[in-house]
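Keeping their order, the protein sequence lines are chains Y and L. Numbering follows the working numbering, in which position 120 of the first sequence is assigned residue number 120; successive positions increment by one, without gaps. Numbering follows the working numbering, in which position 141 of the second sequence is assigned residue number 433; successive positions increment by one, without gaps.
2 protein chains.
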Amino acid sequence: MDDMADTVSEALPRDFEALRTLILDRRESLPKRIAQVAAYALDNPDEIAFGTAASIASSAGVQPSTLIRFAQHLGYDGFTSLQQVFRERLRERTTSYEERLTVVRGDADDGTSNRRIVDGFLAAASKSIDVMSRNIDDETLDRAIDLLNGAETIYILARRRSYPVASYIAYALGKLGVRSQLIESASGLSPEIISFATPRDAVIAISFSPYASATVEEARVLSANGVPVVAITDSAFSPLAQFARVWFEVAEADFGGFRSLAATMALAMGLTVGVAELRRGRKGRKSANSKA
Amino acid sequence: MDDMADTVSEALPRDFEALRTLILDRRESLPKRIAQVAAYALDNPDEIAFGTAASIASSAGVQPSTLIRFAQHLGYDGFTSLQQVFRERLRERTTSYEERLTVVRGDADDGTSNRRIVDGFLAAASKSIDVMSRNIDDETLDRAIDLLNGAETIYILARRRSYPVASYIAYALGKLGVRSQLIESASGLSPEIISFATPRDAVIAISFSPYASATVEEARVLSANGVPVVAITDSAFSPLAQFARVWFEVAEADFGGFRSLAATMALAMGLTVGVAELRRGRKGRKSANSKA
DNA sequence: GCGAAAATGGAACATACAGTTCATTTTATT
DNA sequence: AATAAAATGAACTGTATGTTCCATTTTCGC
C-alpha cells in the first residue's frame, strides 16, 4: 500500500473540481461497479457528503465495500478521506444570497448603510438568478428561440422598468446582425411602426406588474394581426401571458421596492444569442454552431 | 417527553433561518453553557454540519453532552436531528456559479444548447455579483453617494452596452423624485443639454472598454467645467477614471463576448437609492433615514 | 476452454459515535 | 443562610459506522 502511494505521481485531489477531472479521466478504465459508484458520486455529490457508507451504497445500488474500493482506486486510504473532499466542496461555497438578504434586512451592525443598500441589490440579483436557473424550462426556451429565429424583424416592446432590458436586446441583436426594431414612447411613432409588422415577424414583449398599458395594448394588437409574441412577464395572470405564443415567467426578487433585472437580462441575452447562433448555423459554416 | 412535544406550540425549525431566529429569540433565557454553544453554532454553522459531537464540543469548549442538551432545549430530540438542519442549509445552497460556468463551457451532455446559453449568462451574472460583493469599497461608495446627494440635477452618461444601465438609473431617480437628465445620442441635443450643467450638478458616467467616445468626451467636458463626475468603469486605465471625482471598478464576467450587466446594475441601484434615502432624511423626518 | 487474476458480494469486526446516567457544582428562592 | 432546583462535567453504554476479510463469480490472456 505504501508502494502504491509512492507510485502515484500526481497528488490526491483535495478539491472537488480536481477530483471530478480525475474521475472523468479514468472513467474508461474503472471496473463496472466502481464506475457505477463514480457516476453516482458525480451526480449526487451532496449525498456523498452527508450520507453514511451504508445509505450511499444502498442509493447507488452497490455494496458498502465497493465505496471503499472506489476511494482506494483513486488513491485515498478509505471512504472517509474521499468524503472529506465532498464536504469541503460544500464548505467552500460562498454564503447563499438568500441568507445574505435576510441578514442585510436585519441588523445594521456591519458596514455603512450605503453598503447595505448595495448588498441588498446584489442579494436580490443573485436570488433572482438562482430562482431562474431552477425554473427555466428547456422546451419553452427552445420554442421561443425557434419562433424568433423565423422572424424577419424582431420588434421589442417594453416600457418603464423593463425598458433597459429592451434596449439591451436591441443593442445585442444589432451587434449580432439580426434585424430588430425597438418600440419607444419617445418618438411617438409607435402606432406607425407597429403597423409594419407582419406574421413573418415576431415580437418580444416584456412587462411586469403593474403592466404598462402601452406594452400590453401594442402586444395585443400585434398578436391580433398574426404576429407571434414571445412574452417575458411575472405570472400566469399577466395580460401578456394570455395572447403570447410563448411566455416566460420570471420571478425577480426585489429590494426596497426595486425589482432586480438580473434574471430578465440573462434570459433576454439567452434568447438573443440563441437566435444569433441558430442563424449563424443556418447561413454560415456548420461549425459555427459548435463554437467553444 | 411527549408532553413537552405537545406543549411546544410552534413547530420545530426545519430550515436554518427559522432556527437562527429561534435561537436569537431565546438567547437571553438560555443557560450559560448552552448559550455558549448557541453562539458557536451560529458563528460556525459549517462545523456543526460536518463535525462529530465530540469535535464540535471540543471546539466550542464544552462537553459533548451540552450539545445534546442544547438541541433538546430547542425542542429537538437529539443532537443528530439538530444537525440535520445545519446540513440542509448546505444542501439547499445552489451550486456555485463558478462551478457552473466551467461545466457550461465544458461538455455539452445535458440540456439543450439553448439552455446552456442561458445558463452561461446566468453564471456570468452570478459571478459578477460575487466579485463585486467582495471588492466594493465602503468609502468610495459613501463618497459617491455624498457627491450625488449634493447635486441639483444628476446627468447620466452612457452609450451602447452601458445604456440600459443609464436608462434604469434615470427611471429609478424619477420614481424617487430626484431630478436627472439622461444624455442620449438619439435626440442630437447632447451638447446643448450638457452646456446647462453647473458645478452644483453631478454626473454619473458609465463606460467599459472599448469606451464610447461620446461618453468619454462629454464626461471630459463636464469635468473641465467643474461638474463632479462619478464614473463606473472597468479599470484604472479607463479614460473615465482619469478625471472622475469618484470612480468604481466593476469587473463584469462575460459569456460569449457579451458582458453581464448584473453587478453594474446593482451598483447603479445602490447609488440611486442611496441618494434618495439621504435626501429623504435631509428634507423629511429624521427617522426616514433609519427605516427598517 | 483452461487457468490465473481481478472484481464482487456479503458477513464479521473493531471502533467511534450519539446519547444516557449520575455525581457535583452553581444558581435561584425563601 | 438553608434548601430546592437547575445546570454542568464526566464516565458509561448500546449502537451504527467504516472497514476488513474471505468465498464466489466474472473477466481476461493463452
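Where a beta carbon is used, it is the ideal one built from N, C-alpha and C, also for glycine. Note that the coordinates shown come from a computational prediction; the quantities given were computed from them, not determined experimentally.
Taking all protein chains shown into account, decide if residue i is buried (16 or more other Cβ within 10 angstroms of its Cβ) or exposed.
| i | result |
| --- | --- |
| S167/Y | buried |
| G442/L | exposed |
| G466/L | exposed |
| F371/L | buried |
| G306/Y | Residue 306/Y lies beyond the range of chain Y shown here (1 to 292); nothing can be said about it. |
| E476/L | buried |
| A236/Y | exposed |
| S293/Y | The requested residue 293/Y is not part of the displayed model; chain Y covers only 1 to 292. |
| K583/L | Bear in mind that a pLDDT of 34 at K583/L, under 50, signals an unreliable position, so the model cannot answer this. |
| A60/Y | buried |
Is there a Cβ from chain Y that is less than 8 Å from the Cβ of residue i?
| i | result |
| --- | --- |
| I421/L | yes |
| N427/L | no |
| G562/L | yes |
| F550/L | yes |
| D430/L | yes |
| L449/L | no |
| A417/L | yes |
| L311/L | no |
| I409/L | yes |
| V377/L | no |
| N517/L | no |
| I437/L | yes |
| A565/L | Reading the sequence as shown, one finds Val at residue 565/L and not Ala. Closer than 8 Å to some Cβ of chain Y, the Cβ of V565/L qualifies, so yes. |
| R492/L | no |
| A352/L | no |
| A558/L | yes |
| R383/L | yes |
| L433/L | yes |
Among the options, which one has its Cα closest to the Cα of residue i?
| i | options | result |
| --- | --- | --- |
| L374/L | D434/L, S351/L and G343/L | G343/L |
| T445/L | P491/L, L553/L and L322/L | P491/L |
| G75/Y | V37/Y, L19/Y, S65/Y and G120/Y | L19/Y |
| A464/L | A331/L, A568/L and R361/L | A568/L |
| A462/L | I496/L, K324/L, S347/L and L382/L | I496/L |
| G226/Y | P239/Y, S133/Y and A197/Y | A197/Y |
| A251/Y | D43/Y, I34/Y, T233/Y and I206/Y | T233/Y |
| V354/L | I315/L, Q364/L, I340/L and V329/L | V329/L |
| A224/Y | R69/Y, A144/Y, I194/Y and A212/Y | I194/Y |
| A560/L | A436/L, D493/L and A528/L | A436/L |
| D274/Y | E192/Y, L148/Y and R26/Y | Here the sequence assigns Gly to residue 274/Y, which means Asp is not the residue at that position. Among E192/Y, L148/Y and R26/Y, the Cα nearest to that of G274/Y is on L148/Y. |
| R522/L | I498/L, R426/L and A558/L | Checking the sequence shown, residue 522/L turns out to be Val, not Arg. The option with the nearest alpha carbon to V522/L is I498/L. |
| R220/Y | D201/Y, L240/Y and A202/Y | L240/Y |
I need the straight-line Cα distance from residue i to residue j, nearest angstrom please.
| i | j | result |
| --- | --- | --- |
| L141/Y | W247/Y | 9 Å |
| A416/L | S552/L | 6 Å |
| N406/L | Y40/Y | 26 Å |
| R451/L | E509/L | 12 Å |
| D401/L | V410/L | Because D401/L carries a pLDDT of 48, less than 50, the predicted location of this residue cannot be relied on, and no value is offered for it. |
| S298/Y | Q376/L | Given that chain Y is displayed from residue 1 to residue 292, the structure contains no residue 298/Y and the question cannot be resolved. |
| R379/L | K32/Y | 31 Å |
| V131/Y | R381/L | 16 Å |
| S45/Y | P502/L | Position check: residue 45/Y holds Pro in this sequence, whereas Ser was assumed. Spanning the two alpha carbons is a distance of roughly 42 Å. |
| F255/Y | L271/Y | 26 Å |
| I421/L | F500/L | 17 Å |
| R91/Y | P13/Y | 16 Å |
| Q534/L | R279/Y | 41 Å |
| T21/Y | D15/Y | 10 Å |
| T264/Y | Q364/L | 45 Å |
| I34/Y | L67/Y | 8 Å |
| A504/L | G469/L | 29 Å |
| R245/Y | L222/Y | 12 Å |
| R179/Y | P228/Y | 16 Å |
Can you check whether the C-beta of residue i is within less than 8 Å of a C-beta belonging to chain L?
| i | result |
| --- | --- |
| Y163/Y | yes |
| D109/Y | Confidence at D109/Y is low in this model, with a pLDDT of 49, below 50, so its placement is unreliable and the value that follows should be read with caution. No - not a single Cβ of chain L is within 8 Å of the one on D109/Y. |
| A205/Y | no |
| I23/Y | no |
| L148/Y | no |
| F121/Y | yes |
| R279/Y | no |
| R14/Y | no |
| R160/Y | yes |
Regarding residue i and the ligand NAD, is the C-beta to nearest heavy atom distance less than 7 Å?
| i | result |
| --- | --- |
| A170/Y | Summarising the ligand content, the structure contains no ligands, and the ligand NAD is consequently not present. |
Positions along the segment 317 to 349 of chain L whose CB lies within less than 7 Å of some CB in chain Y:
D338 and F342
Given a limit of 8 Å on CB to CB distance, which residues of the segment 457 to 476 of chain L reach chain Y?
V457, S459, Y460, Y463 and A464
Taking beta-carbon pairs under 7 Å, can you tell me which members of the segment 239 to 263 of chain Y lie near chain L?
G256, F258, L261 and A262
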